[in-house]
Amino acid sequence: MPPLSSNKKLLLIGASRGLGFALAEEYLKRGWDVVATERGASTSKLHKLAQVSDGRLEIETVDIVHPDQVRALHARLAARKFDMLFVNAGVKNDDRETIADVSTDEFVRVMITNALSPMRVIEVLQDVVRADGTIGIMSSGQGSVANNESGHYEVYRGSKAALNMFMRSFAARHADDSRTLLLMAPGWVQTDMGGPQARLRIEESIPNLANTMDAQAGRAGLQYLDYLGRRIAW
Ligand SMILES: NC(=O)c1ccc[n+]([C@@H]2O[C@H](COP(=O)([O-])OP(=O)(O)OC[C@H]3O[C@@H](n4cnc5c(N)ncnc54)[C@H](OP(=O)(O)O)[C@@H]3O)[C@@H](O)[C@H]2O)c1
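Numbering (the numbering used here), first residue to last: 164 to 397.
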């Protein structure tokens, strides 16, 4: 880890494992100070990373489906400013479940976690992001309505498509905002969610995804991009 700080600050929501943990590691390598969140119980991975981060990784706690926890996080961070707020947290349901057979409870769980809650996080926390900063959310290529010709993963797709729509509405409501807004697709990556058969290793996705986000910094408006910086059809 480089001893020099870049003076940039990232607030990263959902970093206990998988792509979120890798993003925390990646931005520390880039010299950023990182506040990374986990849910409830401490995960040794993130805490071990904090121990070797020279004080540049702080761990916070939030479960994004609980608005009171999101508001409490905001209260704890209200006096601070970040160059980037990135919401990574997300879930999937059983891949085999279609809209025909998913239970209402499971549908609601995925929609609330993947579509409503990330938007609530940015609604509540947006004022800790600098005027020239970036607000990003981890979407998915599966969220593209235009590219859905093969079906599968119906509930998950629907949740990320809804997320994309809500982010477009957020962008429309903040048309004069100078900040960079990003919906990111990391590719199909080997994590607990992606599974071991996924096409990409974390090291093939996350450094590229970070390069893509950093390259967009300072550009106002919303973009839906993959990890290599390619535009995705809405
Ligand atoms: N892997 C892929 O191929 C792929 C492809 C496209 C998009 N994505 C998206 O990328 C993001 C990360 O995926 P991943 O593959 O790293 O998944 P993962 O290994 O299952 O990790 C999911 C992360 O989200 C956190 N999380 C889930 N629900 C949360 C909640 N209510 N509040 C706070 N944190 C919560 C989890 O925390 P806990 O440890 O507490 O559960 C964990 O840190 C997700 O948004 C996913 O949809 C992944």
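Built from N, CA and C at the ideal position, the CB exists for glycine as well.
Hey, how far is the Cα of residue i from the Cα of residue j?
i      : j      : result
Asp389 : Val308 : 15 Å
Gly203 : Ala378 : 33 Å
Asp231 : His237 : 10 Å
Ala294 : Asp340 : 8 Å
Asp264 : Asn256 : 12 Å
Arg193 : Ser266 : 43 Å
Met376 : Glu260 : 33 Å
Arg234 : Gly306 : 27 Å
Ile395 : Asp226 : 29 Å
Glu201 : Gly181 : 12 Å
Lys270 : Ile365 : Sequence inspection shows Phe at residue 270; the Lys mentioned does not correspond to that position. Taking the straight line from one Cα to the other gives about 28 Å.
Tyr387 : Met301 : 10 Å
Glu223 : Ser169 : 21 Å
Trp239 : Lys171 : Trp is not the amino acid found at residue 239; the sequence shown has Arg there. Each residue's alpha carbon lies about 19 Å from the other.
Ala242 : Arg342 : 19 Å
Ser313 : Gln214 : 45 Å
Glu189 : Ala338 : 31 Å
Gly296 : Ala361 : 32 Å
For residue i, collect the residues of the same chain with a Cβ closer than 6 Å to its Cβ; drop the 5 residues on either side in sequence, then sort them by chain order.
i      : result
Ile262 : Glu317
Asp268 : none
Leu344 : Ile298, Ala334 and Leu385
Gly350 : Leu363, Ser368 and Tyr390
Leu174 : Val198, Phe245 and Leu248
Gly392 : Thr375
Kindly list the residues whose CB is nearer than 7 Å to the CB of residue i, restricted to its own chain and excluding five residues on each side of it in sequence; keep chain order.
i      : result
Phe184 : Ala178, Lys208 and Leu209
Ser280 : Ile227 and Val228
Asn311 : Arg320
Trp397 : Ser307, Val308, Ala309, Asn327 and Tyr387
Ala303 : The question names Ala, yet the displayed sequence has Ser at residue 303. Result list for Ser303: Lys323 and Ala348, in chain order.
Near residue i, what residues of its chain come up, given a Cβ to Cβ distance below 8 Å and the 5 sequence neighbours on each side ignored?
i      : result
Leu191 : Met164, Val197, Leu212, Ser216, Arg219 and Leu220
Arg382 : Thr343
Can you pull the DSSP bridge partners for residue i?
i      : result
Ile222 : Ala199
Lys172 : Asp196
Ala348 : Asp389
Ile298 : Leu248 and Leu344
Leu363 : Val352
Arg394 : Leu388
Val233 : Bridge partners of Val233: none, in fact.
Val292 : Phe245
Examine chain B for any beta-carbon lying closer than 8 Å to the beta-carbon of residue i, and answer yes or no.
i      : result
Asn327 : Absent from the structure: chain B. Only one protein chain is present.
Three or more C-beta pairs closer than 8 Å, one from the segment 324-332 and one from the segment 362-379: is that the case here? Between the segment 324-332 and the segment 362-379 there are fewer than three inter-stretch CB-CB distances shorter than 8 Å, so the stretches are not counted as touching.
Three CB pairs or more closer than 8 Å across the segment 271-289 and the segment 241-253: As far as the Cβ criterion goes, the segment 271-289 touches the segment 241-253, which means the pair count is three or higher.
Between the segment 330-339 and the segment 350-360, can you find at least three pairs of beta-carbon atoms closer than 8 Å? Not touching, per the Cβ criterion.
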